[in-house]
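By UniProt numbering, the letter at position 208 of the sequence shown is numbered 208, and the numbering carries on one by one without gaps.
Ideal Cβ positions, reconstructed from N, Cα and C, are used throughout, including at glycine.
See below for the structure under consideration.
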Amino acid sequence: MGSSVLKAPSTSLFFMGKSDQQQNLFFSNLHFSRSISGRPCKLSLIKPFSTSSSSSIANNRKPIRITATQQIDKPIASSSSMSPVPENPAFPIMVNGCTGKMGKAIIDAGVSAGLRVVPVSFGSESEAGKVVEVGGKEVHVHGPTGRESLLASLFEENPDMIVIDFTVPAAVNANAELYSKVGVPFVMGTTGGDRELLYKTVEDSKVYAVISPQMGKQVVAFIAAMDIMAEQFPGAFSGYSLQVMESHQASKLDTSGTAKDVIKCFQKLGISYEVDQIQQIRDPKQQVEMVGVPEEHLLGHAFHMYHLTSPDQTVSFEFQHNVCGRSIYAEGTIDAALFLAKKVRSKADKHIYNMIDVLREGNMR
């Protein structure tokens, strides 16, 4: 294997102090750097200080700049070199709810990631028989009847299949029961339904699943940080009042699951607040004028605001996270599917995972 030499970007260091202190510090650091890297380093000192004893401290406090340029050895692959073959992620996904905007966004994201889309999707009675073209694929929508036998057949044909559910709140529990009965691994991004029953059904079935009401990776990281704060500093906001406002497209029927999760953190921090106090905004006029949602995103957005005020009204805190469009959720959902497929291949424990597990795995693309 040969090597080539690249010139790394120059680095400038600034140090305030006397001339002799600057040069001593600089050269000791240079020796330390070279002893670690073992690479040649070219240095230039710009505008060195006068070492005259008459120099005042004030004059000696002008900064000196030291510029360092280092050579980096870059390996050149030879024809005989071998590199590890990456795992092929091209497993099949079945996206239920493909007629909706979120379902379509997930299929597009899946195709971009190199996944194979099963050309069947479960939908409502009124959607049965439809053919949806999305991501360059034709997907046939199957109604509520005969789902179990069809899903079992698809799973037999595609044993590495991952089901992704972005349907409607009313279908959450029945769909989870179906996936659990067949034993197919699934990602549940649909909010609503009886969540306690949902978790019990899946836990009892010992099936692989990622369940999360929030698939946006950065939003999940924010919620996780809030949860850590609540665990570390319980009661820190005792006595504070809380106002919560959430705005979503008019087609979203249930209360934001993300807002519910953040409220749980505030409750641990000592704030008395119930979910039914959340101010839901679904009217487009209010969304534009009061919330500030761009008109082009009225049909797909998620704005959240949490405002805390101290008992004497002298201190306030405000947290916001605003999302326009659906790409953040679609990408996060595909990351969850990749994570779950990896767990299945490695024969990891069969249980319910969440998006924090996905984040911790470092499976982000």
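Cβ shell of residue i (< 6 Å), same chain only, five flanking positions each side left out
i, result
"residue 302", "248, 323"
"residue 268", "230, 234"
"residue 84", "Confidence in residue 84 is poor, its pLDDT being 39 and thus under 50, which makes the residue's placement too unreliable to answer from."
"residue 330", "105, 106, 109"
"residue 319", "306"
"residue 127", "99, 141"
"residue 131", "138, 140"
"residue 103", "95, 97, 166"
"residue 56", "Note on residue 56: pLDDT 39, under 50, position unreliable in the model; no value is reported."
"residue 171", "none"
"residue 91", "160, 341"
"residue 332", "215, 216, 217"
"residue 311", "239"
"residue 134", "104, 107"
"residue 366", "Nothing about residue 366 can be read from this structure; the chain reaches only from 1 to 365."
Run of the beta strand (DSSP E) containing residue i, from where it starts to where it stops
i, result
"residue 271", "No beta strand (DSSP E) holds residue 271; DSSP gives it neither H nor E."
"residue 228", "Segment 217–232 is the alpha helix (DSSP H) holding residue 228; no beta strand (DSSP E) there."
"residue 302", "301–309"
"residue 354", "Premise fails: residue 354 is in no beta strand (DSSP E) and is neither H nor E."
"residue 319", "316–324"
"residue 165", "162–165"
"residue 186", "186–188"
"residue 210", "209–211"
Own chain, CB closer than 7 Å to residue i, minus 5 neighbours either side, in chain order
i, result
"residue 86", "Confidence at residue 86 is low in this model, with a pLDDT of 44, below 50, so its placement is unreliable and the value that follows should be read with caution. Once the five neighbours on either side are set aside, residue 86 has no close Cβ partner at all."
"residue 208", "185, 340, 343, 344, 350"
"residue 275", "255, 260, 263"
"residue 293", "247, 287, 301, 303"
"residue 272", "none"
"residue 236", "269, 270"
"residue 226", "262, 265"
"residue 191", "169, 213, 254, 257"
Nearest-angstrom Cβ-Cβ length linking residue i and residue j, presumed shorter than 8 Å
i, j, result
"residue 372", "residue 142", "In the structure as shown, the chain starts at 1 and stops at 365, and residue 372 therefore has no counterpart that could be examined."
"residue 278", "residue 258", "The pair is not a contact, with the Cβ atoms about 11 Å apart (cut-off 8 Å)."
"residue 120", "residue 111", "Not confirmed; about 16 Å, so no contact."
"residue 328", "residue 220", "Not a contact, Cβ separation roughly 10 Å."
"residue 160", "residue 175", "Contact flag wrong, Cβ pair sits at about 20 Å."
"residue 189", "residue 169", "Contact flag wrong, Cβ pair sits at about 12 Å."
"residue 377", "residue 148", "What the structure shows of the chain is the stretch from 1 to 365, and residue 377 is not part of that stretch, so it cannot be assessed."
"residue 370", "residue 202", "The structure shown has nothing for residue 370, since the chain only spans 1 to 365."
"residue 167", "residue 97", "4 Å"
"residue 295", "residue 288", "6 Å"
"residue 309", "residue 241", "5 Å"
"residue 336", "residue 187", "5 Å"
"residue 150", "residue 173", "That pair is no contact at about 19 Å."
Unbroken alpha helix (DSSP H) run spanning residue i, endpoints
i, result
"residue 177", "172–182"
"residue 204", "195–205"
"residue 344", "327–345"
Cβ-based neighbour list, residue i, same chain, cut-off 8 Å, excluding 5 preceding and 5 following
i, result
"residue 339", "210, 353, 357, 358, 361, 363"
"residue 252", "282"
"residue 300", "101, 249, 324, 325, 326"
"residue 223", "214, 258, 261, 262, 265"
"residue 54", "In this prediction, residue 54 has a pLDDT of 41, which is less than 50 and means its spatial position is unreliable; nothing more can be read from the coordinates."
"residue 152", "182"
"residue 290", "281"
"residue 205", "180, 181, 183"
"residue 346", "none"
Bridge-paired residues (DSSP) for residue i
i, result
"residue 248", "302"
"residue 281", "247"
"residue 241", "309"
Segments of 3+ residues assigned as beta strand (DSSP E) that fall wholly inside the region 89–151: Whole beta strand (DSSP E) segments, 3+ residues: 92–96, 120–122, 131–134, 137–142.
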